[in-house]
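Chains as they are written, first to last, in the working numbering: chain A, 1 to 252; chain B, 253 to 504. Idealized CB from N, CA, C, for every residue including glycine. Quick notes on the structure that follows.
There are 2 protein chains.
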Amino acid sequence: MLDQLRVVLFRPKYPENIGSVARACLNMGVSDLVIVDPYNFNMDKALPLATAHARHVLETAPIVDTLEQAVDGCTAVYGTTARTGGWRKGIMNPDALAGVVDERLRGGGRVAVVFGPEDKGLTNEETSICSGLMTIPTSREGTSLNLAQAVVVVLYECFKRSLDAPFVPDGPPEERPTTVQEQATLFDNLQETLLAIDFLKDDNPDYWMLPVRRFFSKINLRRNEFNLLMGVCRQVKWFVNAYGPDKKNADK
Amino acid sequence: MLDQLRVVLFRPKYPENIGSVARACLNMGVSDLVIVDPYNFNMDKALPLATAHARHVLETAPIVDTLEQAVDGCTAVYGTTARTGGWRKGIMNPDALAGVVDERLRGGGRVAVVFGPEDKGLTNEETSICSGLMTIPTSREGTSLNLAQAVVVVLYECFKRSLDAPFVPDGPPEERPTTVQEQATLFDNLQETLLAIDFLKDDNPDYWMLPVRRFFSKINLRRNEFNLLMGVCRQVKWFVNAYGPDKKNADK
Numbered sequence: 001m002l003d004q005l006r007v008v009l010f011r012p013k014y015p016e017n018i019g020s021v022a023r024a025c026l027n028m029g030v031s032d033l034v035i036v037d038p039y040n041f042n043m044d045k046a047l048p049l050a051t052a053h054a055r056h057v058l059e060t061a062p063i064v065d066t067l068e069q070a071v072d073g074c075t076a077v078y079g080t081t082a083r084t085g086g087w088r089k090g091i092m093n094p095d096a097l098a099g100v101v102d103e104r105l106r107g108g109g110r111v112a113v114v115f116g117p118e119d120k121g122l123t124n125e126e127t128s129i130c131s132g133l134m135t136i137p138t139s140r141e142g143t144s145l146n147l148a149q150a151v152v153v154v155l156y157e158c159f160k161r162s163l164d165a166p167f168v169p170d171g172p173p174e175e176r177p178t179t180v181q182e183q184a185t186l187f188d189n190l191q192e193t194l195l196a197i198d199f200l201k202d203d204n205p206d207y208w209m210l211p212v213r214r215f216f217s218k219i220n221l222r223r224n225e226f227n228l229l230m231g232v233c234r235q236v237k238w239f240v241n242a243y244g245p246d247k248k249n250a251d252k
Numbered sequence: 253m254l255d256q257l258r259v260v261l262f263r264p265k266y267p268e269n270i271g272s273v274a275r276a277c278l279n280m281g282v283s284d285l286v287i288v289d290p291y292n293f294n295m296d297k298a299l300p301l302a303t304a305h306a307r308h309v310l311e312t313a314p315i316v317d318t319l320e321q322a323v324d325g326c327t328a329v330y331g332t333t334a335r336t337g338g339w340r341k342g343i344m345n346p347d348a349l350a351g352v353v354d355e356r357l358r359g360g361g362r363v364a365v366v367f368g369p370e371d372k373g374l375t376n377e378e379t380s381i382c383s384g385l386m387t388i389p390t391s392r393e394g395t396s397l398n399l400a401q402a403v404v405v406v407l408y409e410c411f412k413r414s415l416d417a418p419f420v421p422d423g424p425p426e427e428r429p430t431t432v433q434e435q436a437t438l439f440d441n442l443q444e445t446l447l448a449i450d451f452l453k454d455d456n457p458d459y460w461m462l463p464v465r466r467f468f469s470k471i472n473l474r475r476n477e478f479n480l481l482m483g484v485c486r487q488v489k490w491f492v493n494a495y496g497p498d499k500k501n502a503d504k
């Protein structure tokens with residue numbers, strides 16, 4: 001049931017933690033582990049912690065350079081964070097995340113959960129790719145969880161949820177969930193379009209796009225809806241080109 | 253809220269795991285850690301895994317010789333197991349355990365959760381002291397969880413539950429929960445009494461007592477109820493002495 005769930009370790013610092021994560025993945029029925037740009041990776045240090053049982057999970061885990069590569073083909077990406085300030089609102093607990101992940105998996109999606117480096121966690125740059133963020137509740141006295149322990153708590157919640165009811169894929173292929181790449185294409189297109197009609201400010205469009213991205217992240221966008229929205233963008237841009245002022249920024 | 257929850261590690265083999273457990277305890281607001289007869293304990297190996305934050309949890313954890321000493325003063329003891337065969341029925345998942353623990357803690361009890369050695373887990377001898385058993389659901393491919401990861405999953409469930417509602421202690425002192433020692437005294441007394449009236453077989457009374465123990469383990473026995481039951485036992489034994497056959501086993 002969790003075979004469409006991917007665990008992504010972003011720049012992990014300690015090979016031992018990677019081994020422990022592989023074991024936790026096996027315990028909870030996850031075999032899709034991807035490691036991004038690890039620090040001083042050393043298979044000899046990682047393997048004993050994975051134990052013989054989870055050796056294959058560790059040995060088959062791809063090591064890639066970027067987070068974008070790591071979430072390739074996924075339909076939703078969730079980030080984990082211990083920092084809950086700033087724009088990081090609406091952060092889920094593992095329970096809520098498990099509900100969302102379960103719904104997406106049952107809808108035929110492939111979901112990635114991303115864990116940041118042990119010391120710093122994910123930065124805003126990395127979380128911007130995420131459809132949602134999650135934090136594990138802790139005591140105030142000890143807010144920093146070990147990486148592998150954070151992974152096992154999250155996967156345990158997802159595994160528990162997956163046991164609740166049998167898996168029933170739904171919907172025809174044209175209604176399949178969109179991949180993160182498709183969503184990125186749509187966001188770029190939306191941004192261009194909203195800039196073209198002067199809805200977004202030229203000075204910092206990425207910032208003004210955040211609420212738009214957040215809105216779409218909450219929706220489990222399907223391929224037919226993606227096609228529809230891309231079509232709307234195309235039409236708006238055609239309209240601006242055909243009828244808009246030639247130098248539309250001159251009179252600002 | 254979890255300051256009346258005790259984590260007991262029974263004969264842990266790896267000091268690193270003990271350190272990781274101390275960190276997990278701190279993360280989830282538990283500071284009462286007791287270690288029973290550890291194998292080759294080495295503080296230098298355990299401390300780095302505890303991190304500086306949880307150093308005090310590890311350094312103040314008593315090291316004792318027996319499980320009985322470790323659960324001294326507790327009102328309920330729960331064992332963790334990966335083995336679910338034999339008489340080990342009615343085993344809870346962590347969710348259910350958290351509910352039971354929460355109820356006991358809110359009732360003013362002190363609860364111990366016992367984790368066995370990494371390789372073998374708790375034997376029937378050790379689980380016989382337990383009011384209930386718990387197992388963490390896992391994938392069939394990987395049923396063996398790392399010790400500290402098992403601890404963090406269990407404590408996470410308990411911590412989550414403790415956040416649900418504020419703590420309200422209930423009842424007057426005479427209704428305080430009974431300690432494990434009091435329960436053991438009661439069980440011994442019940443066994444003597446049931447033997448005296450030939451309810452239990454002489455050949456293996458411990459075995460025949462199991463269902464009785466299980467029945468009472470489910471009840472959060474209070475001190476006034478303990479007094480009542482002890483009084484009933486006393487009266488039955490007085491009756492047998494006063495009116496029973498002089499050599500009651502002779503005619504068997």
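- In the DSSP assignment, residue 429(B) is bridged to 474(B).
- Annotation for residue 389(B): 345 place their beta carbon closer than 7 Å to its own, counting only its chain and skipping 5 residues before and after.
- In this model, residue 400(B) and residue 80(A) are separated by some 20 Å (Cα to Cα).
- Residue 28(A) places its beta carbon 8 Å or farther from that of residue 47(A).
- Secondary structure of residue 202(A) (DSSP, three-state): coil.
- Each residue's CA atom was taken as its position, placing residue 211(A) and residue 349(B) some 41 Å apart.
- Cβ contact annotation for residue 141(A) (same chain, cutoff 7 Å, sequence separation greater than five): none.
- Taking C-beta atoms under 8 Å as the contact rule, residue 129(A) and residue 77(A) qualify, at a distance of about 6 Å.
- Pairing residue 200(A) with residue 194(A) gives a Cβ-Cβ distance under 8 Å.
- Leaving aside the five residues that flank residue 357(B) on each side, the residues in its chain whose CB is nearer than 8 Å to its CB run, in chain order, 253, 254, 256, 257, 363, 414 and 419.
- Non-local beta-carbon contacts of residue 8(A) in its own chain, meaning distances under 6 Å to residues more than five positions away in sequence, involve 34, 70, 112 and 114 in chain order.
- Residue burial is scored here from C-beta neighbours: residue 443(B) has at least 16 other C-beta atoms within 10 angstroms and is therefore classed as buried.
- DSSP, read as helix, strand or coil, puts residue 10(A) in strand.
- Residue 176(A) has its alpha-carbon roughly 5 Å from the corresponding atom of residue 222(A).
- Close CB contacts of residue 293(B) within its chain, under the 6 Å cut and outside five residues either way in sequence, are with 267 (chain order).
- If the five residues before and after residue 434(B) are omitted, its C-beta is found closer than 7 Å to the C-beta atoms of 478, all from its own chain and listed in chain order.
- DSSP, reduced to helix, strand and coil, places residue 394(B) outside both helices and strands of the structure shown, so it counts as coil.
- Close partners of residue 279(B) in chain A (Cβ separation under 7 Å): 138, 139, 142 and 145.
- Beta-bridge pairing by DSSP links residue 80(A) to 134(A).
- Counting only residues of its own chain and dropping the five nearest sequence neighbours on each side, residue 265(B) has a CB closer than 7 Å to the CB of 291, 369, 370 and 371.
- The beta carbon of residue 411(B) is closer than 7 Å to those of 254, 280 and 281 in its chain, skipping five residues each way along the sequence.
- Annotation: residue 449(B) is outside any beta strand (DSSP E) and is labelled neither H nor E by DSSP.
- A direct Cα-to-Cα measurement between residue 108(A) and residue 36(A) gives close to 25 Å.
- Straight-line spacing of the CA atoms in residue 403(B) and residue 273(B) works out to 7 Å.
- Sorting 313(B), 494(B), 436(B) and 480(B) by C-alpha distance to the C-alpha of residue 461(B) places 436(B) at the top.
- In the three-state scheme derived from DSSP, where H, G and I count as helix and E and B as strand, residue 18(A) is classed as helix.
- Within chain B, the residues 401, 404 and 405 have their CB atoms less than 7 Å from the CB of residue 152(A), given in chain order.
- For residue 33(A), the closest Cβ of chain B is not nearer than 8 Å.
- In the three-state DSSP reduction, residue 284(B) falls in the strand class (E or B).
- Boundaries around residue 151(A) are those of the alpha helix (DSSP H), 147-163, since no beta strand (DSSP E) includes it.
- With fewer than 16 other Cβ atoms from the protein chains shown falling within 10 Å of its own Cβ, residue 496(B) counts as exposed.
- The C-beta separation of residue 391(B) from residue 53(A) comes to about 10 Å, leaving the pair out of contact by the 8 Å criterion.
- Residue 364(B): member of the beta strand (DSSP E) spanning 363-367, first to last residue.
- Using a Cβ-Cβ cut-off of 7 Å, residue 223(A) is close to nothing in chain B; its nearest Cβ partner there is about 31 Å away.
- A direct Cα-to-Cα measurement between residue 384(B) and residue 467(B) gives close to 11 Å.
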